[in-house]
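Peer 1:
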Amino acid sequence: HFIARAEHHGRLCAFVTFQKSGNEWCLDVMRHTSEMPDGTMHALVHSAITAAKELGIERLSLAATPACPDPSSRFFRWSARRA
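Heads up, the sequence shown is in the working numbering, so the first residue is 2 and it goes up one at a time.
#1: Express the C-alpha separation of H33 and I50 in angstroms, rounding to a whole number.
#2: Closest to A5 by C-alpha separation, out of R12, D71, A53, V17, would be which residue?
#3: Classify F76 as buried or exposed, calling it buried when 16 or more other Cβ atoms lie within 10 Å of its own Cβ.
#4: What residue range is occupied by the uninterrupted beta strand (DSSP E) comprising A7?
#5: Where D39 and R12 are concerned, what is the direct C-alpha to C-alpha distance, given to the nearest angstrom?
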């Protein structure tokens with residue numbers, strides 16, 4: 002695992018973890034408290050991307066699914082109802 006963490010007023014307020022597999026990292030867990038300052042998660046992901054680059058990691062995935070190419074598709078309608 003790679004773990005990036007942030008503190009606010011001396012207390013843990015957020016962290017992200019990445020699974021490592023060979024020369025690849027994949028975003029795994031993102032957690033934060035209600036006291037987390039704006040932009041903290043963005044900064045943690047940025048720090049992980051920077052660390053991966055410095056370590057020569059060839060691929061880093063944010064584990065997101067691609068946008069639906071067809072808004073009339075069943076999947077798009079299903080996910081839109083839950084948003």
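We treat Cβ as the ideally placed atom computed from N, Cα and C, and that holds for glycine.
Peer 2: This is what the structure gives:
#1: 19 angstroms
#2: V17
#3: exposed
#4: 3-9
#5: 16 angstroms
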